[in-house]
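Working notes, beginning with the structure itself.
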Amino acid sequence: FDNDVTDFSGKVKVKINNSKDEVVTFSSGVGSLKFYSETAGKYNFKIYLENEPFKIKDSYTSGFLNEFNIYVLNNKISKVEIATSPEFIPEYEKEFSIVAYDKFGNLVNDTSYGEQSLIIQTNGSFKTIIRNKELENGRKTIKFVPSELHDIKIEVFDENKSLLGSKTLTFVRQIPKYIKIAMPEKTRAGEEFEVKLSVYDQNGLLIKVYDKIGKPVKLTHNGSGRLIPDIVYPQQFSKGIAIVKLIYTKNEQIKITPTIEGYEKISYSEGPKEPEQETPKKEKAPEIVKKPETKEKIIPDKIVRAKEPVKILNLFIPKNIGKLENVEILKEENGIKILKLVISNRNRDIEVIKVSRNIEVNGREIGSLSLYENQEGEIEIEIKTLPNYTVN
4 FDNDVTDFSG KVKVKINNSK DEVVTFSSGV GSLKFYSETA GKYNFKIYLE
54 NEPFKIKDSY TSGFLNEFNI YVLNNKISKV EIATSPEFIP EYEKEFSIVA
104 YDKFGNLVND TSYGEQSLII QTNGSFKTII RNKELENGRK TIKFVPSELH
154 DIKIEVFDEN KSLLGSKTLT FVRQIPKYIK IAMPEKTRAG EEFEVKLSVY
204 DQNGLLIKVY DKIGKPVKLT HNGSGRLIPD IVYPQQFSKG IAIVKLIYTK
254 NEQIKITPTI EGYEKISYSE GPKEPEQETP KKEKAPEIVK KPETKEKIIP
304 DKIVRAKEPV KILNLFIPKN IGKLENVEIL KEENGIKILK LVISNRNRDI
354 EVIKVSRNIE VNGREIGSLS LYENQEGEIE IEIKTLPNYT VN
């Protein structure tokens, strides 16, 4: 009849999560149980009297239950784990995650206990502050761009400057593997011309701190004149790229080869002159440049003169750009033909630089070819020809 039984004395058994049993002694109808746990989670309670389930009255709803639950939540952040790879490359974006735990090792995925700040810094130039409310499932991902040329330590402190966790990242010194050189096709003896040098490591990554860790680049050539200057110093590089002005004293065709002292096996690749210096992009992925050992090139390196009035131009698409599926004609009129290259699995991180070439047949210039990337990021080819010539 829902009346209090004040004269009950005896023992009941409380079963927790159907595994652990606690015995509660009643006196004058009252008994108490102290529950303690260091592990966060849901705990289920059932009461038995003489091995029979005992009904439990809910004081809030006045309803009767067969069981009840207690939810144990995590405590405040007392330690953190820093999850990331153990190395970093200067001037490339580094990502790491902060995983927060309380003093009992529970993941801090509930922050209802109050406000808490975490101070994250390195022994270099990076420092930031995050709030516990920013955590998602106890985790927060952070990105930064280290510029140090030594090992760095990431440390996390609370508001009282107590160290909660740390991790050391090893500085990776990039080794020059090859140099990309871009220059104009023509110049005049004694006149300045612009050359762009880009230094890459064995993994195809631009060495963005070459001005700090690099050696002078020697420019050799196969001509009989003088190349002035013929040395590019590390201090002339910025973000791994040097744009220098040179003068050649002879009116002759030459080939310029960049070399670095101490790296006899270094290779290089030639590219067309680029109108302006590359602007470093926000890093989503390391920059990929086609290595010179392969035979694939975006444009033909030279013009092969045909014995008959026919010109064949071969176009190769490097595998790291994507797969050429089709060529569509966008425009064809008045000696101008514009083609669009349909490329599947296109790697948008690789920039296609505009280049132009003259088309010659039997020593006569009959038109021009330009390859470029349009505003939508699609690769197009524009071919212009003189009357009486067609493009198939």
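4 is the number of the first residue of the sequence shown in this note's numbering; add one for each residue after it. We put the beta carbon where it would ideally sit given N, CA and C, even for glycine.
Nearest by alpha-carbon distance to K136: which of T125, Q124, Y116 and F38 is it?
Y116
Tell whether a beta-carbon distance below 8 angstroms holds between N140 and N109.
no
Taking all protein chains shown into account, do 16 or more other C-beta atoms lie within 10 angstroms of the C-beta of S201, making it buried, or fewer, making it exposed?
buried
Spatial distance of T42 from I73 (CA atoms):
About 12 angstroms.
Closest Cα partner of V125 within the set K156, D105, R142 and Q378
Position check: residue 125 holds Thr in this sequence, whereas Val was assumed. Comparing Cα-Cα distances from T125 to each of K156, D105, R142 and Q378, the minimum goes to K156.
So the candidates are I133, F147 and Y39; which of them puts its Cα closest to the Cα of F91?
The residue among I133, F147 and Y39 with its C-alpha nearest the C-alpha of F91 is F147.
With DSSP collapsed to three states, give me the class of Y375.
Y375 falls in the strand class under three-state DSSP.
As an exercise, report each continuous alpha helix (DSSP H) stretch of at least 4 residues that is fully enclosed by the region 194-246, in chain order.
213-216
Between the CA atoms of I231 and T260 - distance to the nearest angstrom:
If I take the Cα positions, the gap works out to 14 angstroms.
If you draw a straight line from the alpha carbon of K215 to that of I246, how long is it in whole angstroms?
17 angstroms
Could you tell me which residues DSSP puts in a beta bridge with I155?
L172
Tell me whether K136 sits in a helix, a strand or coil according to DSSP, three-state version.
Three-state result, K136: helix.
What residue range is occupied by the uninterrupted beta strand (DSSP E) comprising A192?
Neither: A192 is in no beta strand (DSSP E) and is coded neither H nor E.
Would you list the residues sitting across from S270 in a DSSP beta bridge?
Y181
Look up P93 in the DSSP assignment and give the residues it is bridged to.
Beta-bridge pairing by DSSP links P93 to no other residue.
Per the contact definition of three or more C-beta pairs closer than 8 angstroms, is the region 91-104 in contact with the region 22-34?
no
Cβ neighbours of S120 in the same chain (closer than 8 angstroms, five flanking residues each side left out)
I132, I133, R134, N135, D161 and E162
Rounding to the nearest angstrom, what Cα-Cα distance links N54 and K170 in this structure?
54 angstroms
Under a Cβ-count criterion, where at least 16 other Cβ atoms within 10 Å of its own Cβ denotes burial, should Y51 be classed as buried or exposed?
exposed
Can you give me the Cβ contacts of Q205 inside the same chain, cut-off strictly under 7 angstroms, excluding the 5 residues immediately before and after it?
Once the five neighbours on either side are set aside, the close Cβ partners of Q205 are I178 and K180.
From L222 to V345, what does the alpha carbon distance come to, in whole angstroms?
39 angstroms
Considering just the uninterrupted stretch of the beta strand (DSSP E) at Y63, what are its terminal residues?
Unbroken run through Y63: none, as it is neither H nor E.
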